[in-house]
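Presented below is the structure to which this report refers.
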Amino acid sequence: MPADQPRVNPWVRRLSLLWLNLRKPFVEKRARRLVLESIDGIPFLVFPEVLNPVLFRGGSLLARTVAGNPFAEPPQGVENPLALDMGTGSGAAAVSAARRGFQVVAVDLNPHAVRCARVNALVNRLEDRIEVRHGDLFQPLQGERFDLVLFNPPFYRGAPRDQEFDLAWRGEDVLERFAKGLLKVLKPNGRALLLLSTEGDGHSLLRTLDDRKLAIQVLERRNFGNEIMTVYGVEKRL
Ligand SMILES: C[S@@+](CC[C@H](N)C(=O)[O-])C[C@H]1O[C@@H](n2cnc3c(N)ncnc32)[C@H](O)[C@@H]1O
0 MPADQPRVNP WVRRLSLLWL NLRKPFVEKR ARRLVLESID GIPFLVFPEV LNPVLFRGGS
60 LLARTVAGNP FAEPPQGVEN PLALDMGTGS GAAAVSAARR GFQVVAVDLN PHAVRCARVN
120 ALVNRLEDRI EVRHGDLFQP LQGERFDLVL FNPPFYRGAP RDQEFDLAWR GEDVLERFAK
180 GLLKVLKPNG RALLLLSTEG DGHSLLRTLD DRKLAIQVLE RRNFGNEIMT VYGVEKRL
């Protein structure tokens, strides 16, 4: 596990939360309604019941890392590289992976997210490269193994208040169940990109991953004041 687990400066966090509170009315206007967003010119419709990847920053950071980081490059010599976008939400990371050359399976438990990601595959003319499935974590998979697995998980602990929007924030044992299943769905040279925040309990995912079998590195990190988001790269140890 990376030794440099980031820490937010408590004073900066307080100021930043004050600023976020002032912006709340504007944020709320965009958060729970149908909006058209874009990440580096790539358009995304975000349904009201789905986490906005731009507004809440994690989705766009993950999508950009998938688009540009060498760690997420399709492996050489593999004819049809496969990616899994777990908890796809609006499908932003799935679109990035498909644009990079992966055939993508995207999964979400929120049925609105499934429809939203399908729409965004169509909007970006990637419907042949992205298949969106409904279900709980690895359950909708059909024995596939992946070259790349992506996950921006719910960071907070607890029972989700509904089976739609709140699923993006809260989970009881999603982190542990994902960590337990990850090795089984990675190809021998497969890699994973995990987006975690200093908010909530997301970093427990790294503690749960079996670090005898997996090597973890920091790929991207952004300090937003109230929270620090990090994209970790995970691969099997040789
Ligand atoms: C933090 S959001 C990330 C959404 C999107 N990937 C992004 O980065 O903008 C977490 C996503 O995981 C989904 N999710 C939560 N629990 C899940 C589960 N058990 N199985 C599949 N998806 C789940 C939520 O519905 C939500 O879309």
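Heads up, the sequence shown is in numbering that gives the first Met the number 0, so the first residue is 0 and it goes up one at a time.
Where a beta carbon is used, it is the ideal one built from N, C-alpha and C, also for glycine.
Because the structure is a prediction, the values reported are computed rather than measured.
Cutoff 7 Å; reference residue i; Cβ partners in own chain excluding five residues on either side
i: THR207; result: LEU174, GLU175, ALA178
i: GLN4; result: HIS202
i: GLU226; result: VAL7, SER196, THR197, GLU198
i: ALA71; result: THR64, VAL65, ARG99, LEU147, LEU192
i: GLY134; result: VAL106, LEU108
Buried or exposed by the 16-neighbour rule on C-beta atoms within 10 Å, applied to residue i
i: ALA97; result: buried
i: ASP107; result: buried
i: SER37; result: exposed
i: GLY232; result: buried
i: ASN51; result: buried
i: PHE154; result: buried
i: ASN79; result: exposed
Distance CB(residue i)-CB(residue j) smaller than 7 Å
i: GLY57; j: LEU194; result: yes
i: ALA105; j: VAL131; result: yes
i: GLY224; j: VAL11; result: yes
i: VAL122; j: PRO42; result: yes
i: ALA120; j: ALA92; result: no
i: GLN102; j: ARG124; result: no
i: THR229; j: ARG236; result: no
i: ARG169; j: GLU234; result: no
Beta-carbon proximity list for residue i, same chain, < 8 Å, skipping 5 on both sides
i: VAL184; result: LEU83, PHE137, LEU140, GLU143, ARG144, PHE145, VAL148
i: ARG156; result: ARG169, GLY170, GLU171, GLY199, ASP200
Proximal residues to residue i (C-beta, below 6 Å), its chain only, five neighbours per side dropped
i: ASN109; result: GLU163, LEU166
Inter-residue CB distance, residue i and residue j (contact presumed, cutoff 8 Å)
i: LEU204; j: PRO152; result: 7 Å
| message | Contact between the stretch 105 to 123 and the stretch 41 to 54 is defined here as three or more beta-carbon pairs at a separation below 8 Å; is this criterion met? | response | yes
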